Structures are given as structure tokens and as C-alpha cells.
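Written out as C-alpha cells, the structure is:
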């Protein structure tokens, strides 16, 4: 039922991969592999991961439409809920009175594979990275393991989504914010993911939505 | 006859036809006989109607003209754009100089009741908002108590401003300016803490600041400025065509049909998609068009999201968040009746 190829790109470690089979109560729609919604992906920014490239905690998107900002947002979800719109490349934290704090994100291949309802199950600062085998096959130059730090493609923080392999994480490629990218799930610039991390407690409800597909 | 002479005679002939038919025939027939859609647009408004140095028009309102041309004439380029001032726009429509007005016009009761025109829907929900410099880190208009507010004199914005502060028991000092440019300078120079105008205008004004990222436009919208396309009131058939082109673009976004996948959408098994692209339902004929009308509109300019993002959203320099102009199911209030 699960296609390893489709699921493994944003996996940090094999331990997480096995836990996907426990996917349970919080997952509204199981993360089954399905055809890529072409409209949702748009043109994919096909750049490889760049382990070792430094991106600091201070890196935020400060200008343009993908800068963090308060926006009008009408929803029946309670304040504090996180809503991710993959086709728009935005993540929202719902605020009272029809507004939301909006962050620009980059959406990886796996981010488009799944939508549903989960809770934040774990949080980590400067997470380690163990690229899965499929990813190493595509990008043979990748290390087998990389300790967390400013040169790590997983970036400054990771927020794990329920029992799935999906996560919200940082990046050492901040220029990919606003794009569909080939790997990862939902990435934010390091400074922005740090801001998000501080606002989002464990157990926060996360809703992931795609645009419709034909 | 030389080619030029023949062409000239053809134009004369078409003009005669169109003059005669403006009275007797419907607008759709007139447009077809003429072979172009005469579309009234703004003389120049960043993101909504702009003409480049080659004379090519672009913008949110311009794309709506093209979508109607694609649906009714089969070609998004068969539009003659007629730049109009605010004062002359409704007369131009009533007198038949244009077939359609797509010029950031606010839908109000008075306009429909007094001017014999009909608004065919809302393409853009605008409204008055506030811009502040980032330093004080204000995130809501309700935190503006005691501030100095720059505003253009003689506008509805000035009256709305007074109403908003009174309704929320807040005090403010008004700094009135004769033009938007002066009001912006007032904010940049620190003569006021806040600038108020319609939200779309504020995003355009922000780009003129030395450091646009230092200014923040608050998400609060304190007035209703629903903008939409306008037709003459005496032609319900044409009014319907224009109205449903708008609905088709919104529905296309909702069901996931884009300019990129419009062709393959014909092979979809989803009834909503099939009716939209015209392989089921025979809806185009009911409007006096052919069944591929909506498919052509979406192929030409894209669905609502594509039109929005390209002209005023994330792919434009304006970068206006969708806000109210997001689908009803995605955080906004855009809701189009079904194509069936």
C-alpha cells in the first residue's frame, strides 16, 4: 500500500519510516501513494539537496509575498490550528477574528502526496538527517548520515506530523520558499521555522489541504 | 479594390452593422459581427490595467476582458481595449462605445438604479485598509488608538475612517492630503503613523516607498468595495455571458482546472470538471455560445487563482494576499454558483 519511493524523501530516519504503519486516529486520509496532482505541483524547482551549505537561524523571508505576515483568513478551525495550503505554498496559524499568521513555504514532492488532519507529535531542534536509500540513489553524493546544524538540509527545527513520515522543517536553501521542490515535505526558512516552532506546542492540530485535482 | 481598400470597406461595413445592431440585435451578436470585444478598462492602474511600451495591455481587469473574448469569440486577443476615466466609464457603456466595462468599479445600489447598468458579479473584493511602518509592530487596526492618520481629502476613505474610529471608541488625528502621492509622502516623512486607502491601492503605494518591506498593510478591511464587470441593463443574454465567465473562472479553480491542464481535463471522469470543459451538459449553448466556452476562457487566462496570482498576487510585484478573494472553502468568500 505504501510506496517507499513516494514516502521516503522527507523521512529523516528509518525509525520514522516504520512508524508510518501505525498511522492511526489522527490521519483523516491515509497517506497512500497517488498520482502527482499536476496542477498542484506546477513547475518543480529541480535542485538537489546541498548538505554543508550554511543557513543560519537569522535567515527569514523578509520581503515579498512569501514574507511572514498577518492576513485575513476565514475558518471554522480554532485559533492556534495550523493549516497548510500546498498549492498556494502557504502555512497559516489561525488567529482570532478572521485572521491568520501566514508563512511562505516550499512544498516537496512528498508534501503533495497527502492531505489530512494530524497533530504535532514531536518537536526537534537542529534535527539530524539520514537520507533514505532512494534519495541516495538519486543523489549519490549525499552523506549516509548528517548531524544537525546550519549546513543540514533539514534546517533549524522540525515539527513531526502525527505518526506519519511527514514534517514541517527548516531548510538551508531559503530561495526555494514559494516553490514546489523535489525533496522534503513542508520547508520554511530557518528563522521562520524557529518562529513557528516557538508558537506551536506539541499536540497542535494541523490540517493539510491541496487544490483540487481533475 | 486594393487590399487596404477592401479592408477599409470591410471596416465600414462592420461599423454600419454594429451601429444598426447596437439598437436591434443583442450585444453578443454585435460583438460577433464586429469580430472584437470593446472592453472599457482603467487608463492605468498597477496590477489591474496597464499598457506596456509596445501597446500590449495586461492586468487583472484586462484578463477578464480576454476571458470574455475567448468565451464569446473564440480568441482572447480579439479585444479592443478602451481606456476610460472614472467620470466617463458608465456613459461609454450606456452609449454603446464599449460592450463591457472591466474597470475596478464598485458595485453599489445607486449605480444600478440610476445608470441603467448591471454588475455581473464580483471579481475582486476590495476595501479600505491601513498601512503602518513596521517599527511599532502593530498587527491590527484595533491597536491604532491615538494615532495620526494620513488620508486623501474628499474621498469615501475619509468618512469611513471617522466611522471606524468612532465605532471602536478610538481617537485619531487626521492628516489630510490632496493626492494619494502626498498622503504616502506624509507616511514616509513621519507626519503620520498610519495611511488609509483601499487595500489594493495601498499595496501599489507601498512599492513606491524606498524600502517597501518596512511598511505593513494590516489585514483588517473596514469598508466594502466589491469590484466587478458591468454591462448594460437592457441585454440580459449578454449580462449572463459575462456573469458566467466570471463564475466559470472561479469554479475552475475550485475543481482544479488550470490553463496547464485544461486540455487533459476533457478526459476527466468528474462530472463538475466535465461540465466545465463542455464535454457534458451542453451548457454553452444555453448561453448562446458553444460548449467549449469556459474551457477556452481558462486556457487563455487561467482559472481565478492564476489570474489573481499573475496580476496582483504572489507572481506580481504587488503580492496582495488572497484574503477575501480566496475560495470560500480555503479561507475567503469567493463562491460561484454551480455550472449545471
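Residue numbers (the numbering used here), protein chains in the order written: chain A, 107 to 320; chain B, 1082 to 1421.
Just so you know, even glycine gets a beta-carbon here, dropped at the ideal spot from N, CA and C.
All of these numbers come straight from a predicted model, not from anything done at the bench.
Between the alpha carbons of residue i and residue j, how many angstroms are there, rounded?
i: residue 1380 (chain B); j: residue 1345 (chain B); result: 11 angstroms
i: residue 1309 (chain B); j: residue 1194 (chain B); result: 16 angstroms
i: residue 1225 (chain B); j: residue 288 (chain A); result: 44 angstroms
i: residue 1121 (chain B); j: residue 1136 (chain B); result: 15 angstroms
i: residue 1297 (chain B); j: residue 1276 (chain B); result: 10 angstroms
i: residue 1401 (chain B); j: residue 1337 (chain B); result: 22 angstroms
i: residue 1299 (chain B); j: residue 214 (chain A); result: 30 angstroms
i: residue 206 (chain A); j: residue 185 (chain A); result: 8 angstroms
i: residue 1374 (chain B); j: residue 1259 (chain B); result: 46 angstroms
i: residue 1329 (chain B); j: residue 1180 (chain B); result: 20 angstroms
i: residue 1407 (chain B); j: residue 1387 (chain B); result: 12 angstroms
i: residue 1159 (chain B); j: residue 1186 (chain B); result: 23 angstroms
i: residue 183 (chain A); j: residue 1353 (chain B); result: 27 angstroms
i: residue 1141 (chain B); j: residue 1130 (chain B); result: 7 angstroms
i: residue 1252 (chain B); j: residue 310 (chain A); result: 38 angstroms
i: residue 1263 (chain B); j: residue 1285 (chain B); result: 14 angstroms
i: residue 100 (chain A); j: residue 174 (chain A); result: One cannot answer for residue 100 (chain A) here, as it falls past the ends of chain A, which runs 107 to 320.
i: residue 1188 (chain B); j: residue 1203 (chain B); result: 8 angstroms
i: residue 304 (chain A); j: residue 1369 (chain B); result: 57 angstroms
i: residue 1278 (chain B); j: residue 1303 (chain B); result: 10 angstroms
i: residue 1227 (chain B); j: residue 1366 (chain B); result: 59 angstroms
Would you kindly check if the distance between the Cβ of residue j and the Cβ of residue i is under 7 angstroms?
i: residue 1397 (chain B); j: residue 169 (chain A); result: no
i: residue 228 (chain A); j: residue 266 (chain A); result: yes
i: residue 1357 (chain B); j: residue 1420 (chain B); result: yes
i: residue 150 (chain A); j: residue 181 (chain A); result: no
i: residue 1117 (chain B); j: residue 1316 (chain B); result: no
i: residue 218 (chain A); j: residue 236 (chain A); result: no
i: residue 1393 (chain B); j: residue 1314 (chain B); result: no
i: residue 1256 (chain B); j: residue 1292 (chain B); result: no
i: residue 285 (chain A); j: residue 212 (chain A); result: yes
i: residue 261 (chain A); j: residue 276 (chain A); result: yes
i: residue 155 (chain A); j: residue 249 (chain A); result: no
i: residue 1311 (chain B); j: residue 1152 (chain B); result: no
i: residue 283 (chain A); j: residue 167 (chain A); result: yes
i: residue 1280 (chain B); j: residue 1208 (chain B); result: yes
i: residue 264 (chain A); j: residue 230 (chain A); result: yes
i: residue 291 (chain A); j: residue 216 (chain A); result: yes
i: residue 1376 (chain B); j: residue 1343 (chain B); result: yes
i: residue 208 (chain A); j: residue 177 (chain A); result: yes
i: residue 1382 (chain B); j: residue 1148 (chain B); result: yes
i: residue 1399 (chain B); j: residue 1206 (chain B); result: no
i: residue 1214 (chain B); j: residue 1283 (chain B); result: no
i: residue 198 (chain A); j: residue 179 (chain A); result: yes
i: residue 1119 (chain B); j: residue 1183 (chain B); result: no
i: residue 1201 (chain B); j: residue 1127 (chain B); result: no
Evaluate residue i with the Cβ neighbour count: other Cβ atoms within 10 Å of its Cβ, from every protein chain shown; 16 or more gives buried, anything less gives exposed.
i: residue 281 (chain A); result: exposed
i: residue 1324 (chain B); result: buried
i: residue 247 (chain A); result: exposed
i: residue 164 (chain A); result: exposed
i: residue 1249 (chain B); result: exposed
i: residue 220 (chain A); result: buried
i: residue 1409 (chain B); result: exposed
i: residue 1166 (chain B); result: exposed
i: residue 1247 (chain B); result: exposed
i: residue 1223 (chain B); result: exposed
i: residue 307 (chain A); result: exposed
i: residue 1391 (chain B); result: buried
i: residue 1348 (chain B); result: exposed
i: residue 1384 (chain B); result: buried
i: residue 1123 (chain B); result: buried
i: residue 1176 (chain B); result: exposed
In terms of DSSP beta bridges, what is residue i paired with?
i: residue 207 (chain A); result: A:176, A:199
i: residue 235 (chain A); result: A:252
i: residue 1161 (chain B); result: B:1119
i: residue 1187 (chain B); result: B:1308
i: residue 1258 (chain B); result: B:1233
i: residue 1139 (chain B); result: B:1131
i: residue 1415 (chain B); result: B:1408
i: residue 189 (chain A); result: A:198, A:313
i: residue 247 (chain A); result: DSSP output for residue 247 (chain A) lists no bridge partner at all.
i: residue 1210 (chain B); result: B:1278
Less than 6 angstroms between the CB of residue i and some heavy atom of the ligand NAD, yes or no?
i: residue 1170 (chain B); result: Among the components modelled here there is no ligand, and therefore nothing to report on the ligand NAD.
So with CB distances below 7 angstroms, who are the chain E contacts of residue i?
i: residue 191 (chain A); result: The displayed structure is made up of protein chains A and B, and chain E is not among them.
- Query: How do the region 1163 to 1179 of chain B and the region 1233 to 1247 of chain B stand: do at least 3 beta-carbon pairs fall below 8 angstroms, yes or no?
  - Reply: no
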